[in-house]
Amino acid sequence: MFIPTENTSPSFKEFTLVMPAVSVGNVGQLATDLIISTLNMPRVGYFHTDCLIPLAGYNPYAPSADNSTELCTTAEVYCLPDLKLAVLQIRSPIIQTKHKKFRKLIVSWIKSSGFAQTVLLSSSHAYQRDDQQIHSTALRYLLSPAMQRIAGDALKELEWREMERVKPFPGISETEQRLYIPGGGVTKGLYTDCCSEEIPLAVVLTFCSEGDNIPDAFALVNHLNDWLHLVGKPSDAPSQWRAPCSWRLLFGNAIPPALF
Amino acid sequence: MATFFGEVVSVYSRAVQEDEEDLDDENEEDQQIRIEIEQKREVHVNWCPELTQSITNSPDRTLQCSDFVIAVGPNAAGFLSAYVLNSGNWVAVGSVSLWNERTKDSSKQPGCVIYRQSDCPKVLICQCNSYIAEDQLFRWTEKVFACIQQRGLNVMVLSDCSMADYKTPDSLFSSGAPFLRALKSSQYGSQPVCLLLEQPNIVTGLAAAVLSHCQVQRIPAILYQCYSDVINPDSVTMETYKPALTCLSKLSKLDTCLSTEILRKLVQVNETQSNLYT
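These protein sequence lines map, in sequence, to chains S and P. Heads up: take any position in the first sequence, counting from 1, add 6, and you land on this note's numbering. Heads up: take any position in the second sequence, counting from 1, add 40, and you land on this note's numbering.
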């Protein structure tokens, strides 16, 4: 459930919503972090629900120690009215038995807020690619029918690659091909929900393996920038992204000096 | 996933569990089982007859409360037992009971007990010793806070945490465990009695659930998290919470004397188990 930080609820009419799917390597979440941190987006509300594992900490995007004492929760909404952009960040896994409920919540929130389009940043297990997917770039997209009408031509012009349908049994050709996003969390479910509900949704995803997924996040967010132009011109974007302070110490603490 | 040498290893992901696609086409029986499990995992809040009466008599069906102290973990709970609950007339007035995969069937005692003093009824203390599963944290918070009036409420959480979860650019050797760190909600106005939790540390579990609830509902709340490198409850770690008590005693007339008797009892339980070399 969306709860605004102020007494009045902000208007998201005709806004673009960007949100991550909690998926393999947390690539969508890392890319979302980059967007919020770089654009210095203010928080406008919380997404308070029992579908997510609770988590709390101080402001993960604080540029200095002074303004870091704002408490942050597991899922929050950030907004820039000038860019007509809203970003939902999710910081913890979705509880296994509550995937369906979570998708329902998201779909009804998108509908009631009047977002013009929604972009879902996601990822999928690289090791499960089939022969056709192994060729070329790791980045893929998927459009719901309603989104196809809005952005279909633009993405074709950018020469983006659509996520391939795969055969459930490789080598047997007479079977129906299906959409398969292993490790994508709610990606496929949310996509099918948005297709049936006529919601304009674009899934932008990358194949990856879990590890240090920061490079994957940069690749994904640069790719997205080619389309949405969130920061500057696409050509000089890579140097413009600002990694948030919460990304520090991803690989643990300093080595104990007693070792030497 | 097959490795270079051909053996097949299952892939573990920190972000997602096994493929969820099957969940969509569950049949009626699966659904029935899932609903039954959900019912079994429900969180129940029970109040003593006197409090049930005052809750039903109040206009908004809540308890008047100025301070709500929640202790999470054996050290935090032990600290309150030894320093606060031993003096004055603290009586157990409520409990929170729940079931999950780590609940021991033999112990029928509820994992969380709520105490109150008869001459200072506006301060509630909750001791939480049992494991609360991730899917139950939100419900726990929602159900407990539904019984307590929000206006004028201050929340304090004391929570145990392992030193291994503490992130610092320095070596842990120089950190001097056990130590306290504070995390406060935006509405909390006073000065915490210890350093604030540094980036990029986060808190999870019941403490995070309570703090998130307070932040969203604009209730002033503070968490004192104690990082300790001892697995079992011990008196040194319990004593680390002592500075937090100073802001508590301001609010009510708490006699804060240490009961060594209780402390000994709390710590003794573990001594008998770890006597391999003594």
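All C-beta atoms in this analysis are idealised placements derived from N, C-alpha and C, irrespective of residue type, glycine included.
Distance, residue j Cα to residue i Cα
i      : j      : result
P:A284 : S:A260 : 29 Å
P:C319 : P:I262 : Here chain P covers residues 41 to 318 and nothing more, so residue 319 of chain P does not appear.
P:F45  : P:I271 : 40 Å
S:C57  : S:F108 : 6 Å
P:G216 : P:T280 : 11 Å
P:V133 : P:C152 : 11 Å
P:D210 : P:V195 : 32 Å
P:N97  : P:W87  : 14 Å
S:D222 : S:Y197 : 22 Å
S:S179 : S:M153 : 30 Å
S:I220 : S:V83  : 22 Å
S:P87  : P:T143 : 49 Å
S:K110 : S:L23  : 16 Å
S:T193 : P:I165 : 43 Å
S:L164 : S:G158 : 10 Å
Residue i and residue j closer than 8 Å at C-beta
i      : j      : result
S:R254 : P:P240 : yes
S:G189 : S:S29  : yes
S:L91  : S:F8   : no
S:S129 : S:C214 : yes
S:V125 : S:T38  : no
P:L288 : P:V48  : no
S:I42  : S:I116 : no
P:L303 : P:S268 : no
P:L251 : S:L265 : no
P:A248 : S:A62  : yes
P:V256 : P:K183 : no
Short CB-CB distance (under 8 Å) between residue i and chain S
i      : result
P:T280 : no
P:D70  : no
P:S225 : yes
P:V51  : yes
P:V83  : no
P:D175 : yes
P:R142 : no
P:A284 : no
Proximity to residue i [Cα-Cα], best of the options
i      : options                           : result
P:G192 : P:Q265, P:H84 and P:R258          : P:R258
P:D205 : P:R221, P:C160 and P:T96          : P:R221
P:T286 : P:L103, P:S230 and P:L177         : P:S230
S:V40  : S:L230, S:E76 and S:R135          : Checking the sequence, you will find Leu at residue 40 of chain S rather than Val. Selected option, being the one with the closest Cα: S:L230.
S:R146 : S:W233, S:N65 and S:V113          : S:W233
P:L198 : P:F185, P:R179, P:V233 and P:R74  : P:V233
S:P26  : S:V227, S:R135 and S:T103         : S:V227
S:P262 : P:F213, P:K305, P:V276 and P:N67  : P:F213
S:R248 : S:N13, S:P10 and S:L45            : S:L45
P:A171 : P:W139, P:S202, P:Q190 and P:C105 : A quick correction: the sequence has Tyr, not Ala, at residue 171 of chain P. Answer by Cα proximity: P:W139.
S:I156 : S:P10, S:L256, S:W166 and S:A122  : S:A122
P:W180 : S:A144, S:S150, S:Q102 and S:I59  : S:I59
S:G120 : S:F266, S:P250, S:A68 and S:S17   : S:S17
S:S150 : S:L265, S:V210, S:E12 and S:F266  : S:V210
Beta carbon proximity, residue i to chain P, threshold 8 Å
i      : result
S:L196 : no
S:Q102 : yes
S:H235 : no
S:R171 : no
S:V267 : A query on residue 267 of chain S cannot be resolved here, the shown segment of chain S reaching from 7 to 266 and no further.
| task | Name, going along the chain, the residues of the stretch 114–140 of chain P whose beta-carbon falls closer than 8 Å to a beta-carbon of chain S. | result | Shown here is that no member of the stretch 114–140 of chain P has a Cβ falling below 8 Å from a Cβ of chain S.
| query | Closer than 9 Å, Cβ to any Cβ of chain S: which residues of the stretch 230–255 of chain P, in chain order? | reply | L236, L237, E238, Q239, P240, N241, I242, V243, T244, G245, L246, A247, A248, A249, V250, L251, S252, H253, C254 and Q255
| Which residues, in order along the stretch 126–152 of chain S, keep a beta-carbon less than 9 Å from a beta-carbon of chain P? | S129, H131, Y133 and Q134
| Going along the stretch 184–216 of chain P in order, which residues come within less than 7 Å of chain S, judged by CB to CB distance? | K207, T208, P209, D210, S211, L212 and F213
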